[in-house]
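Participant:
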Amino acid sequence: MRNKNFGLAQVALAAALLCFLSALASRALAQENTSGDSITPLIYTVENTGASYPKPVFPTFEQLPIIRPLPDPFLFSDGTRSTSFSNWERRRNEIKAAIEQYEIGPKPDCSDCAIDAAFAPSSNGGGGALTVIVTRNNRSLRLNSHVYLPPGSGPFPALIAMSLAPSSTGPNYGSLPSSAFSGRPIATVDFVHDDVTQYAAGQQIDHSADPFYLLYPELCAGTCTGTLNNSGQYAAWSWGVSRIIDGLKIVAQQAVSPLPIDLKHLAVTGCSYAGKMALFAGAFDERVALTIAQENGGGGAPSWRVSHEIEAQRSVEKIDGTDYSWFAHSMRQFAGDNVYKIPEDHHQLMAMVAPRALLETGNTDFYWLSNRSNYVSARATQQIYNSFGIGDRFGFYIDGGHNHCATLPAESPAISAFVDKFMLGNTSVNTDVEVTPFPNLDYSRWTAWWGSNTAKFPNNWNPGDGTVVLSMGNNLTVNSGDNVFAGYALSMPGSHPATTVSLAGGNVQTDVSCPDGSSYTLRVPFPNQSYSIAANDNAWWPASNQNSPLVYQGSATATACSGGVTKNAYFSALGVSSGAGNPGGAGFQTTDTTDPLNVRFHCSDNGAGGNWSPTAT
Numbered sequence: 000m001r002n003k004n005f006g007l008a009q010v011a012l013a014a015a016l017l018c019f020l021s022a023l024a025s026r027a028l029a030q031e032n033t034s035g036d037s038i039t040p041l042i043y044t045v046e047n048t049g050a051s052y053p054k055p056v057f058p059t060f061e062q063l064p065i066i067r068p069l070p071d072p073f074l075f076s077d078g079t080r081s082t083s084f085s086n087w088e089r090r091r092n093e094i095k096a097a098i099e100q101y102e103i104g105p106k107p108d109c110s111d112c113a114i115d116a117a118f119a120p121s122s123n124g125g126g127g128a129l130t131v132i133v134t135r136n137n138r139s140l141r142l143n144s145h146v147y148l149p150p151g152s153g154p155f156p157a158l159i160a161m162s163l164a165p166s167s168t169g170p171n172y173g174s175l176p177s178s179a180f181s182g183r184p185i186a187t188v189d190f191v192h193d194d195v196t197q198y199a200a201g202q203q204i205d206h207s208a209d210p211f212y213l214l215y216p217e218l219c220a221g222t223c224t225g226t227l228n229n230s231g232q233y234a235a236w237s238w239g240v241s242r243i244i245d246g247l248k249i250v251a252q253q254a255v256s257p258l259p260i261d262l263k264h265l266a267v268t269g270c271s272y273a274g275k276m277a278l279f280a281g282a283f284d285e286r287v288a289l290t291i292a293q294e295n296g297g298g299g300a301p302s303w304r305v306s307h308e309i310e311a312q313r314s315v316e317k318i319d320g321t322d323y324s325w326f327a328h329s330m331r332q333f334a335g336d337n338v339y340k341i342p343e344d345h346h347q348l349m350a351m352v353a354p355r356a357l358l359e360t361g362n363t364d365f366y367w368l369s370n371r372s373n374y375v376s377a378r379a380t381q382q383i384y385n386s387f388g389i390g391d392r393f394g395f396y397i398d399g400g401h402n403h404c405a406t407l408p409a410e411s412p413a414i415s416a417f418v419d420k421f422m423l424g425n426t427s428v429n430t431d432v433e434v435t436p437f438p439n440l441d442y443s444r445w446t447a448w449w450g451s452n453t454a455k456f457p458n459n460w461n462p463g464d465g466t467v468v469l470s471m472g473n474n475l476t477v478n479s480g481d482n483v484f485a486g487y488a489l490s491m492p493g494s495h496p497a498t499t500v501s502l503a504g505g506n507v508q509t510d511v512s513c514p515d516g517s518s519y520t521l522r523v524p525f526p527n528q529s530y531s532i533a534a535n536d537n538a539w540w541p542a543s544n545q546n547s548p549l550v551y552q553g554s555a556t557a558t559a560c561s562g563g564v565t566k567n568a569y570f571s572a573l574g575v576s577s578g579a580g581n582p583g584g585a586g587f588q589t590t591d592t593t594d595p596l597n598v599r600f601h602c603s604d605n606g607a608g609g610n611w612s613p614t615a616t
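In numbering that gives the first Met the number 0, the protein residues as written are 0 to 616.
Next up, the structure:
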């Protein structure tokens, strides 16, 4: 007589073995290696290779720790750390989940969708029309794209350009120069973003009737301001690009007039708001081999926290000054000094593209693009790529002297190099692209702590232009209702003429950790002030004694927990912007621009005085 349990065990073992072998086969199919490197493939055949990993458990906003430098991209949510590429798939999916949780909302995987697509070639050749129809819950969304095909039989690498409307004839390279593609057999495909959700050019309009939000009413934007679970437009637009790629896969196999697109060599591009769109699309779909994110500004490559740390209010796009049709409403809670509680940042958004290729650009003629923050974020991303031994797959090109979303002739070869290597497979091309106007900017201070488990800066921000962010250890106990006082003092050593020193946009911040594990930042603002220092006067102004009311230039009342503990305080002087997109000017200005100016600050609870910080010059 047959043992039924033994038979069931055999079936279970066979099923498990089949699942294991299927998983191996799936992974082999997913990791399309076009580089000859078995460890770091250039492209994948699925949208998200790590979809099976469980999402980390996210703390409440109050329980999120304060991290002032850039978060460590290799630090897992469970506290372990790994720089090995073999663990990157899991870590990448933690970053993906965090960006969805805190910034853009969910990007649906379309597992409950039906997708149909058709390609109709033009009667005169050279391309045709791609139509993709996505159906969910008896509603349909239609994507319409013009496809340009170069001469020949293909299959052709394809550039998907973020577009306001379908192109009519010829190739669509977005804002990239046609010279970068000259003589290269590259197809182009429109992604008409308004087919998904309408770009409103900064106007706050109701998007709940846009096609994506009709398909996913539970994720609506615009009128759904009362929920923290909506998906912003960058989640929706990224979803749309993924559906275009689904459609390309379908029409490549249609019986009549299949579209000859090389699905192993797809690229995405866009500029400005569409540059952010391309960056999110490339980060969230691993079937994209090359992402070219052009002059994308805040919300794209620049770091949210770096922009807040070093740029005056209103001078660049920050969390408290972005478009909340683009982002989920949940991101508003990180406005102002709360930006340091956001557990990820945009060096990690760019790193989600890894190990695939990414070229991102900036334009110093437009201050609001936050080019310095862009550079810091790019250098941090470069460290991640270098850690995997694939530094040639990431490049940045930050220059000026041209209009927004335009390029100088000198930039075209850099774009061509990335196209040649990652769309056409020419591995001999040099893609070590590092162009920056900030050779002396200390970008490493934001990443120096990586691997140490202690998120702190190694030095002050003091670029010598009159803006400073100074820090010091500051152990205080702060109770709810306490008045926290802060102030600063100035001196000019040695011989100097009579001088007037003014401060604009100054404040002190101290990070408070509460007994229940929550944390917050208390800001003590300073009024704009000026002091007259006599010739050769070396005294500290307005007083040398930190207990003097003269150096209690600001105060704030703690309103959160009792028994809160502070470890550090920060003095910030970034100046005041004269209007949106204008630089803030100097925090400190002096009529004597030759001789050094010394600055120190203090922060204390209920006027206890505290200690002076180390002096900065």
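Quick reminder that beta carbons are idealized off the backbone N, C-alpha and C, glycines included.
What you are looking at is a predicted structure, and each value in this text was computed from that prediction instead of being measured.
1) I'd like to check one pair, Phe326 with Ile185: are the Cβ atoms closer than 7 Å?
2) Which class does Lys566 belong to by DSSP, given the choice of helix, strand or coil?
3) Is the region 409-423 in contact with the region 384-399, if contact means three or more CB pairs nearer than 8 Å?
4) Tyr442 by DSSP, collapsed to three states: which one?
5) Hey, out of Phe60, Ser376, Pro436 and Leu502, whose CA is closest to Gln552's CA?
6) Distance check for Asn123 and Gly578, CA to CA, integer angstroms please.
7) Using CA coordinates, which residue listed in Phe365, Phe118 and Gly151 is at the minimum distance from Asn143?
8) What's the call for Asn458, buried or exposed, on a 16-neighbour Cβ count within 10 Å?
9) Thinking C-alpha only, which one of Thr82, Ser241 and Pro613 is nearest Lys106?
10) What residues match up with Gly361 in a beta bridge as DSSP calls it?
11) Any chance the region 204-211 sits against the region 290-297, with 3 or more Cβ pairs inside 8 Å?
12) Curious, which full-length alpha helix (DSSP H) runs of at least 4 residues does the region 192-275 contain?
13) Look at the alpha carbon of Ala282 and the alpha carbon of Asn92, and state the distance between them as a whole number of angstroms.
14) Using a Cβ-Cβ cut-off of 8 Å (strictly less than) and excluding sequence neighbours within five positions of Asp261, which residues of its own chain qualify?
15) With 16 as the cutoff for other CB atoms within 10 Å, does Arg141 come out buried or exposed?
16) Measure from the alpha carbon of Leu148 to the alpha carbon of each residue in Gly472, Asn171 and Ala557, then state which is nearest.
17) Less than 8 Å between C-beta atoms, sequence neighbours within five positions excluded: which residues of the same chain meet that for Val511?
18) Near Asp464, what residues of its chain come up, given a Cβ to Cβ distance below 8 Å and the 5 sequence neighbours on each side ignored?
19) Helix, strand or coil for Met471 per DSSP?
20) So what's Thr290 in DSSP terms, helix, strand or just coil?
21) I'd like to check one pair, Leu63 with Lys317: are the Cβ atoms closer than 7 Å?
22) To which residues does DSSP link Thr509 through a beta bridge?
23) Is Phe570 closer than 7 Å to Pro68 when the C-beta atoms are compared?
24) Here's the rule: buried if 16 or more other CB atoms are within 10 angstroms of the residue's CB, otherwise exposed. What is Pro216?
25) Quick one: Cα of Gly151 to Cα of Val131, how far?
26) Since Ser490 and Trp540 are thought to touch, with beta carbons under 8 Å apart, how far apart are those beta carbons, to the nearest angstrom?
27) Determine the direct distance from the alpha carbon of Ala251 to that of Pro257, and round the result to whole angstroms.
28) Using DSSP with H/G/I as helix, E/B as strand and the rest coil, what is His145?
29) Here's the rule I'm using: 16 or more other beta-carbon atoms within 10 Å means buried, otherwise exposed. How should Arg138 be labelled?
30) Which of the three DSSP states is assigned to Tyr384 in this structure?
31) Hey, out of Asn535, Thr435 and Arg599, whose CA is closest to Asp591's CA?
32) Decide if Asn473 is buried, meaning its Cβ has at least 16 other Cβ atoms within 10 Å, or exposed.
33) Tell me the rounded alpha-carbon separation between Ala24 and Pro436.
34) Between the C-alpha atoms of Trp367 and Ser314, what's the straight-line distance to the nearest angstrom?
35) Under three-state DSSP, which class holds Met351?
36) Restricting to Cα atoms, I'd like to know which of Gln545, Ala454 and Thr453 is closest to Phe484.
Facilitator: In this structure, then:
1) Looking up residue 185 in the sequence shown gives position 186. Looking up residue 326 in the sequence shown gives position 327. Against a cut-off of 7 Å, the Cβ pair of Phe326 and Ile185 comes out as no contact.
2) Translated into positions along the sequence shown, residue 566 becomes position 567. Strand.
3) yes
4) Working through the sequence shown from its first residue, we reach residue 442 at position 443. In the structure shown, Tyr442 sits in a helix (DSSP, three-state: H, G or I).
5) To locate residue 552, count along the sequence shown from 1; it is residue 553. Comparing Cα positions, the closest option is Leu502.
6) The count along the sequence shown starts at 1 and reaches residue 578 at position 579. The count along the sequence shown starts at 1 and reaches residue 123 at position 124. Their backbone Cα atoms lie some 52 Å apart in a straight line.
7) The count along the sequence shown starts at 1 and reaches residue 143 at position 144. Here the closest residue by C-alpha is Phe118.
8) Position 459 of the sequence shown, counted from the first residue, corresponds to residue 458. Asn458 should be labelled exposed.
9) Within the sequence shown, numbered from 1, the residue matching residue 106 stands at position 107. Selected option, being the one with the closest Cα: Ser241.
10) As a first step, residue 361 must be located in the sequence shown, where it is residue number 362. According to DSSP, Gly361 bridges with Ile397.
11) no
12) 210-214 and 232-250
13) Here residue 282 is taken as the residue at index 283 of the sequence shown, counted from 1. Here residue 92 is taken as the residue at index 93 of the sequence shown, counted from 1. Whole-angstrom Cα-Cα distance: 11 Å.
14) Locating residue 261 in the sequence shown gives position 262, where the first residue counts as 1. Excluding sequence neighbours, Asp261 sits near Gly153, Pro154, Phe155, Pro156 and Ala157.
15) To locate residue 141, count along the sequence shown from 1; it is residue 142. Looking at its Cβ environment, which holds fewer than 16 other Cβ atoms inside 10 Å, Arg141 is exposed.
16) Taking the first residue of the sequence shown as position 1, residue 148 is located at position 149. Leu148 has its Cα closest to that of Asn171, out of Gly472, Asn171 and Ala557.
17) In the sequence shown, the residue the question calls residue 511 occupies position 512. These residues qualify, in order along the chain: Val477, Ser518, Tyr519, Thr520, Leu521, Ala557, Ala559, Cys560, Gly563, Val564 and Thr565.
18) Position 465 of the sequence shown, counted from the first residue, corresponds to residue 464. Correct list, in chain order: Ala585.
19) By 1-based counting over the sequence shown, the position of residue 471 is 472. Looking at Met471 - three-state DSSP - the assignment turns out to be strand.
20) Here residue 290 corresponds to residue number 291 of the sequence shown, with the count starting at 1. Thr290 falls in the strand class under three-state DSSP.
21) To locate residue 317, count along the sequence shown from 1; it is residue 318. To locate residue 63, count along the sequence shown from 1; it is residue 64. No; because the gap between Cβ atoms is not below 7 Å, this pair is not in contact.
22) Residue mapping note: residue 509 aligns to position 510 of the sequence shown, counting from 1. DSSP, once it has assigned bridges, lists Leu521 and Ala568 as partnering Thr509.
23) The residue labelled residue 68 in the question sits at position 69 within the sequence shown. The residue labelled residue 570 in the question sits at position 571 within the sequence shown. No, Cβ-Cβ distance for Pro68 and Phe570 is not below 7 Å.
24) As a position in the sequence shown, residue 216 is number 217, starting the count at 1. With fewer than 16 Cβ atoms within 10 Å of its Cβ, Pro216 is classed as exposed.
25) Your numbering for residue 151 matches position 152 in the sequence shown. Your numbering for residue 131 matches position 132 in the sequence shown. Each residue's Cα considered, the two are about 25 Å apart.
26) On the sequence shown, position 491 is the one that residue 490 refers to. On the sequence shown, position 541 is the one that residue 540 refers to. The pair is a contact, with the Cβ atoms about 7 Å apart (cut-off 8 Å).
27) Sequence index remark: in the sequence shown, residue 257 carries index 258 (1-based). Sequence index remark: in the sequence shown, residue 251 carries index 252 (1-based). The alpha-carbon atoms of Pro257 and Ala251 are separated by roughly 5 Å.
28) Position 146 of the sequence shown, counting from 1, holds the residue named residue 145. Looking at His145 - three-state DSSP - the assignment turns out to be strand.
29) Translated into the one-based positions of the sequence shown, residue 138 becomes position 139. Label assigned to Arg138: exposed.
30) Residue mapping note: residue 384 aligns to position 385 of the sequence shown, counting from 1. Note: Tyr384 maps to helix in three-state DSSP.
31) Position 592 of the sequence shown, counted from the start, is the residue given in the question as residue 591. Comparing alpha-carbon positions, the option among Asn535, Thr435 and Arg599 lying closest to Asp591 turns out to be Asn535.
32) Reading the sequence shown from its first residue, position 474 is the one you call residue 473. Label assigned to Asn473: buried.
33) As a working note, residue 24 is residue 25 in the sequence shown. As a working note, residue 436 is residue 437 in the sequence shown. Annotation note: pLDDT 36 at Ala24 (below 50); position unreliable, coordinate value reported separately. Near 47 Å, if we compare the C-alpha coordinates of Pro436 and Ala24.
34) Start at 1 with the first residue of the sequence shown, and residue 367 comes out as number 368. Start at 1 with the first residue of the sequence shown, and residue 314 comes out as number 315. Cα to Cα, Trp367 sits roughly 6 Å from Ser314.
35) Counted from its first residue, the sequence shown places residue 351 at position 352. Reduced to three states, the DSSP call for Met351 is coil.
36) In the sequence shown, the residue the question calls residue 484 occupies position 485. Nearest of Gln545, Ala454 and Thr453 to Phe484, Cα basis: Gln545.
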